[in-house]
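Letter by letter, the sequence shown follows residues 1 to 73 in the UniProt record's numbering.
All remarks here apply to the structure that follows.
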Amino acid sequence: LVLSGNWRSSSRIAAAASESSSTDCVEPDSFGYVDETGKAHVAKITEANKKAIYGALEKGDVAALRTEAAAAA
């Protein structure tokens with residue numbers, strides 16, 4: 001789960017109707033995971049942890065995401 005609080009659009013309808021453009025894309029600013037109890041955990045992506053988080057997401061490494069979330073807390 002990767003989230004961005006930076007999402008921008010003049011309108012959802014216009015965005016859905018228009019063609020996709022790289023100028024509309026933003027970098028995610030937070031990430032999260034759901035633990036074995038069903039609790040969702042969300043933490044900020046910073047320049048310091050970005051490489052580790054992206055790597056963990058590519059590999060599906062939930063243990064690394066837990067570590068990064070704990071460090072960001």
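Quick reminder that beta carbons are idealized off the backbone N, C-alpha and C, glycines included.
Pull up the distance between the alpha-carbon of residue i and that of residue j, whole angstroms please.
i	j	result
Leu-65	Ile-53	6 angstroms
Val-62	Gly-38	14 angstroms
Glu-36	Val-42	15 angstroms
Glu-68	Glu-47	12 angstroms
Asp-29	Ile-45	5 angstroms
Lys-50	Glu-27	10 angstroms
Of the choices the options, whose alpha-carbon is the least far from that of residue i?
i	options	result
Leu-57	Val-26, Asp-24, Glu-27, Tyr-33	Tyr-33
Starting from the C-beta of residue i, find all residues in its chain whose C-beta is less than 7 angstroms away, skip the five residues before and the five after it, and write them out in chain order.
i	result
Ala-40	Gly-32, Val-34
Apart from the five residues just before and just after residue i, which ones in its own chain have a Cβ nearer than 8 angstroms to its Cβ?
i	result
Gly-55	Asp-61, Ala-64
For the beta strand (DSSP E) that residue i lies in, which residues bound it at each end?
i	result
Gly-32	30-34
residue 102	Residue 102 falls outside the range modelled here, since the chain spans only 1 to 73, and no answer is possible.
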